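Accompanying notes for the structure given below.
2 protein chains.
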Amino acid sequence: MNISSAAGVVCQNSDVNLVLLDERDRIDANCVTLSDARAAHILDVLRATPGQTVRIGLLDGSFGTGTVVFADDGRVTLRCELSGETPPRPHVDVLLALPRPKVMRRLWAQLAALGVGQIILTNAEKVERHYFDTHILDEETYRPLLIEGLQQARDTRLPAVSIHRQFRVLVEDHLDGLFSDGIRLVADPSGATSITSALSDYHNQRVLLAIGPEGGWNDFELSLLAAHGFQMVALGPRTLRVDTACTALLAITHASLTD
Amino acid sequence: MNISSAAGVVCQNSDVNLVLLDERDRIDANCVTLSDARAAHILDVLRATPGQTVRIGLLDGSFGTGTVVFADDGRVTLRCELSGETPPRPHVDVLLALPRPKVMRRLWAQLAALGVGQIILTNAEKVERHYFDTHILDEETYRPLLIEGLQQARDTRLPAVSIHRQFRVLVEDHLDGLFSDGIRLVADPSGATSITSALSDYHNQRVLLAIGPEGGWNDFELSLLAAHGFQMVALGPRTLRVDTACTALLAITHASLTD
């Protein structure tokens, strides 16, 4: 499904609304030559010819314009003008009980497109151990998927990723370092408050949103999260698939923070 | 990916949190015998044995409990006790420019899981005509997918579906019949209001949410919608894939109506 290469990725389900360049692309005298999926997109989808411009961005940097100076035979050379400021990191982080590899594969791009500052993946009672042994957690697999999501959503800020095999150690020893200042929410059917109500007084603050495994957090996990400052929020009476729930919860959180 | 049968469907990505029965299941003296994907789920996933109960629902009817009276060889007989009221129809309807068949295939279950009263599919300038000629728009294809979404989300109310090949005829001649009373919103990047603000005074009313094609509505389409009472709302600066956008917009709409 994915046509991926070392530095870029085009997924048939996604649009490239921004061509992202990173440190692996040698930008020389403001020019860069691409020959991977990004070049294919510029040539075959945008059908850009010399003189035309495409929207570009520098990974974790600013936006700009790329003017096509050469386009042929699978290669595109762009003259880059980067200007403007680096966009702010999205205000929302997620702490996610690792879903099945097949679901996680789909989620990487989706999370980056929706906008998250960091993705903290954790074990939980209802997470199967072998989920941690798949290549979907290798940086060389997930990085192009995150970049795909950023190119879709026109963002340059790559989410930080950390992977934790021990839930308790994560929450007790590492969480304050990863997320020191902001509001902590955990989504659970038992939550009595909505995300919107929980955030009604906290516009533009950082939020860490914990999303459990398909079977939910167990009592110990919920107590430990509560003891570490997480407020329980509900999504409503409907049981959603983990990937649908992630999108729904992140969308509501972003909407609550900006409204 | 889908193990489907005439009357039921189990998708590997979804949970069956409710076993839905419909008029095609012959319920005799309160007993029903299943031998399709629902039976497989009860036997292989729930591992139910005689005496155990499973959550059941009657399509477009009430919830209840099914007690296993026989379970063997791919067949399950349930004694059904249906009680309680039929849940209300979800308050949100969608008017969706028909996406690519591959995306639409994924969307059916997702829309039913998120909760929509009706799905109005339409043509638009940026919808390719051949999208209308796929089996994904045949009732025998989409009905099991809608039921899959209902079984995931524990709902019994099957969304009504209508398919319109002419946008203008739909909006001018049919829309008032399909959606007579309620708030009409159209999602577009040019919208200045958020969904939450647009709905802040309208809790528990019916909402019709129009979601455009990947390239957006054109000016004529936006004007026609505006002339027929649609208020423009924005989702924010990020460009999302149509299926992600549908989930995000529906989640925010539901959250805004209930908060």
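Listed in order, the protein sequences are those of chains A and B. FYI, the numbering for the first sequence is 869 to 1127, going by my numbering. FYI, the numbering for the second sequence is 869 to 1127, going by my numbering. We treat Cβ as the ideally placed atom computed from N, Cα and C, and that holds for glycine. Just so you know, these numbers come straight off a predicted model, no measurement behind them.
Next on the checklist: Please tell me whether R1025 (chain B) and G1050 (chain B) are closer than 8 Å, where the distance is taken between their beta carbons.
Outcome noted: The count along the second sequence starts at 1 and reaches residue 1025 (chain B) at position 157. The count along the second sequence starts at 1 and reaches residue 1050 (chain B) at position 182. Contact: no.
Checklist entry - Can you name the residues of chain B whose CB is closer than 7 Å to the CB of Q978 (chain A)? => result The sequence position of residue 978 (chain A) within the first sequence is 110, counting from 1. Within 7 Å Cβ-Cβ: T1112.
Checklist entry - By Cβ distance below 7 Å, which residues in the same chain neighbour Q1034 (chain B) in space, the five residues on each side in sequence not counted? => result Numbered from its first residue, the second sequence carries residue 1034 (chain B) at position 166. Excluding its 5 nearest sequence neighbours in each direction, Q1034 (chain B) has C-beta neighbours in its own chain below 7 Å: N991, listed in chain order.
Checklist entry - Among residues of its own chain, excluding the 5 on either side of S1062 (chain B), which ones have a beta-carbon nearer than 6 Å to its beta-carbon? => result As a working mapping, residue 1062 (chain B) is identified with position 194 in the second sequence. Answer for S1062 (chain B): no residue qualifies.
Next on the checklist: Given this structure, state the Cα-to-Cα distance separating N870 (chain B) from L1013 (chain B), to the nearest angstrom.
Outcome noted: Residue mapping note: residue 870 (chain B) aligns to position 2 of the second sequence, counting from 1. Residue mapping note: residue 1013 (chain B) aligns to position 145 of the second sequence, counting from 1. A caution first: N870 (chain B) carries a pLDDT of 33, below 50, which makes its placement in the model unreliable, though a value can still be read off. Those two C-alpha atoms are separated by around 9 Å.
Next on the checklist: Just checking: is the beta-carbon of Q1020 (chain A) within a distance shorter than 8 Å of some beta-carbon in chain B?
Outcome noted: The count along the first sequence starts at 1 and reaches residue 1020 (chain A) at position 152. Yes, its Cβ sits closer than 8 Å to a Cβ of chain B.
Checklist entry - At least one CB of chain A closer than 8 Å to the CB of S924 (chain B): is that the case? => result Indexing the second sequence from 1 puts residue 924 (chain B) at position 56. Ser is not the amino acid found at residue 924 (chain B); the sequence shown has Ile there. Residue contact check for I924 (chain B) against chain A: no CB pair falls below 8 Å.
Next on the checklist: Using 8 Å as the cut-off, can you tell me whether the segment 1006–1023 of chain A makes contact with the segment 1096–1116 of chain A, which would need three or more C-beta pairs spanning the two stretches below that distance?
Outcome noted: The way I'd put it, the segment 1006–1023 of chain A doesn't touch the segment 1096–1116 of chain A; fewer than three beta-carbon pairs between them come closer than 8 Å.
Next on the checklist: Does L889 (chain A) come out as helix, strand or coil in the three-state DSSP assignment?
Outcome noted: Position 21 of the first sequence, counting from 1, holds the residue named residue 889 (chain A). Correct three-state label for L889 (chain A): strand.
Item to check | Whether A965 (chain B) touches G1080 (chain B) by CB criterion (8 Å) | outcome: In the second sequence, counting from the first residue as 1, residue 965 (chain B) sits at position 97. In the second sequence, counting from the first residue as 1, residue 1080 (chain B) sits at position 212. In this structure, G1080 (chain B) lies closer than 8 Å to A965 (chain B) by Cβ.
Next on the checklist: With three or more C-beta pairs closer than 8 Å as the rule, is the segment 935–946 of chain B touching the segment 966–981 of chain B?
Outcome noted: Taking 8 Å as the limit for Cβ pairs, the verdict is that the segment 935–946 of chain B does not touch the segment 966–981 of chain B.
Next on the checklist: With H, G and I counted as helix, E and B as strand and the rest as coil, what does DSSP make of G1017 (chain A)?
Outcome noted: Residue 1017 (chain A) sits at position 149 when you count from the first residue of the first sequence. For G1017 (chain A), the three-state secondary structure derived from DSSP is helix.
Checklist entry - Taking Cβ positions, are K994 (chain A) and G929 (chain A) nearer each other than 8 Å? => result As a first step, residue 994 (chain A) must be located in the first sequence, where it is residue number 126. As a first step, residue 929 (chain A) must be located in the first sequence, where it is residue number 61. Cβ atoms of K994 (chain A) and G929 (chain A): not closer than 8 Å.
Item to check | Contacting positions in the segment 1091–1122 of chain B - beta carbon closer than 7 Å to chain A | outcome: Cβ contacts with chain A: G1104, R1106, T1107, L1108, R1109, T1112, T1115, A1116, A1119, I1120 and H1122.
Item to check | CA-to-CA distance, D890 (chain B) to G985 (chain B), given in whole angstroms | outcome: Taking the second sequence and counting its residues from 1, the one referred to as residue 985 (chain B) is at position 117. Taking the second sequence and counting its residues from 1, the one referred to as residue 890 (chain B) is at position 22. Cα to Cα, the separation comes out at about 18 Å.
Checklist entry - Apart from the five residues just before and just after I1120 (chain A), which ones in its own chain have a Cβ nearer than 6 Å to its Cβ? => result Residue mapping note: residue 1120 (chain A) aligns to position 252 of the first sequence, counting from 1. Result list for I1120 (chain A): I1063, in chain order.
Checklist entry - Residues in its own chain within less than 7 Å of A875 (chain A) by CB, not counting five upstream and five downstream? => result The count along the first sequence starts at 1 and reaches residue 875 (chain A) at position 7. With a pLDDT of only 32 at A875 (chain A), under 50, the local geometry of the prediction cannot be trusted, and no value is derived from it.
Next on the checklist: Based on DSSP bridge pairs, tell me the residues matched to H1032 (chain A).
Outcome noted: Here residue 1032 (chain A) is taken as the residue at index 164 of the first sequence, counted from 1. Bridge partners of H1032 (chain A): A:T990.
Item to check | Within chain B, partners of I1062 (chain A) - CB distance below 9 Å | outcome: Position 194 of the first sequence, counted from the start, is the residue given in the question as residue 1062 (chain A). Note that residue 1062 (chain A) corresponds to Ser in the displayed sequence, not to Ile. Those within 9 Å of S1062 (chain A) in chain B are A1123, T1126 and D1127.
Next on the checklist: Between the alpha carbons of A1078 (chain A) and D1001 (chain A), how many angstroms are there, rounded?
Outcome noted: As a position in the first sequence, residue 1078 (chain A) is number 210, starting the count at 1. As a position in the first sequence, residue 1001 (chain A) is number 133, starting the count at 1. Across the structure, A1078 (chain A) and D1001 (chain A) are spaced so that their CA atoms are roughly 22 Å apart.
Checklist entry - Which word fits V922 (chain B), buried or exposed, when buried means at least 16 other C-beta atoms lie within 10 angstroms of its C-beta? => result Looking up residue 922 (chain B) in the second sequence gives position 54. Taking all protein chains shown into account, V922 (chain B) has 16 or more neighbouring C-beta atoms within 10 Å of its C-beta and is therefore buried.
Next on the checklist: According to DSSP, is D961 (chain A) part of a helix, a strand, or is it coil?
Outcome noted: Numbered from its first residue, the first sequence carries residue 961 (chain A) at position 93. Strand.
Checklist entry - What's the call for P1057 (chain B), buried or exposed, on a 16-neighbour Cβ count within 10 Å? => result Here residue 1057 (chain B) refers to the residue found at position 189 when the second sequence is read from its first residue. With fewer than 16 other Cβ atoms from the protein chains shown falling within 10 Å of its own Cβ, P1057 (chain B) counts as exposed.
Next on the checklist: At the 8 Å Cβ level, is L946 (chain A) part of the contact set with chain B, yes or no?
Outcome noted: Stepping through the first sequence from its first residue, residue 946 (chain A) is reached at position 78. At a cut-off of 8 Å between beta carbons, L946 (chain A) makes no contact with chain B.
Checklist entry - Where does I924 (chain B) sit, in a helix, a strand or coil, going by DSSP? => result Mapped onto the second sequence, residue 924 (chain B) falls at position 56. Annotated three-state conformation of I924 (chain B) is strand, per DSSP.
Next on the checklist: In the DSSP assignment, the beta strand (DSSP E) including Q1099 (chain A) goes from what residue to what residue?
Outcome noted: On the first sequence, position 231 is the one that residue 1099 (chain A) refers to. In the DSSP assignment, Q1099 (chain A) falls within the beta strand (DSSP E) that extends over F1098 to A1102.
Next on the checklist: Is there a Cβ of chain A sitting closer than 8 Å to that of E1082 (chain B), yes or no?
Outcome noted: As a first step, residue 1082 (chain B) must be located in the second sequence, where it is residue number 214. True, the Cβ-Cβ gap to chain A drops below 8 Å.
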